[in-house]
Structures are given as C-alpha cells and as structure tokens.
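J.: Pasting in a structure now, in structure tokens, and then I'll have a few things to ask.
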Amino acid sequence: MTITLTMAPETQRKLVERATRVGQDVETLACELIERSLNSEPTLDDILAPFRRQVAESGLSESELTAVFEESRDEVYRDQQEAGR
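Residue numbers (the numbering used here): 4 to 88.
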C-alpha cells in the first residue's frame, strides 16, 4: 500500500536523521516505526502521559494534588461504608 503522510517539518527532520543514522531509507524506517507502534502494548509512561500533562497544566502543587487524591479516596471509602460493604 502506498500512502502520503503530512508531518511537521521537525518530525520530518528527525525521521531523516534517524534513517541516516541507522542506514535505512526514510520509507523503510517509517514503515518499521508504524508497525512497531501498532504491534506494541502501551507502556506505563504512554498510559500516564495524558494525566501527567493535565496535572502539569493544572498548576496544582504536589501537596494540592495529594489532597485531591486523599479526598477522592475518602469519598469512595464513605460511599462504601454507607452502602454496607
């Protein structure tokens, strides 16, 4: 299958640099990277990346974030106690 990809100039530059470094043509490397991405399970870092980004953007301090988690935990605990579990 032949496809055309539109990518940011910086991404294209990195792809060309890596292909040169590993001695492959750009098309072969791009295909391998796509296949590897599609065939691999996400890492913990992959899974947590959106959450980490949201935390960073929120501006919460570590103690404020801890308080949010503790409040949530306590709420779940109270709900379970009220439900008679």
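Heads up, the beta-carbon is just placed ideally off N, CA and C, and yes, glycines get one too. Quantities reported herein were computed from a predicted structural model and do not represent experimental measurements.
I'd like the list of long-range same chain contacts for Val-29, defined as Cβ closer than 8 Å, with 5 residues on each side in sequence excluded.
T.: Leu-18, Val-19, Ala-22
J.: Identify every run of the alpha helix (DSSP H) within the region 36 to 81, keeping only runs that are complete inside it and at least 4 residues long; order them along the chain.
T.: 47 to 61
J.: Got a sec, what are the start and stop residues for the alpha helix (DSSP H) Thr-7 sits in?
T.: First-last for Thr-7: undefined, no H or E at that position.
J.: For the alpha helix (DSSP H) containing Gln-15, name the first residue and the last one.
T.: 12 to 25
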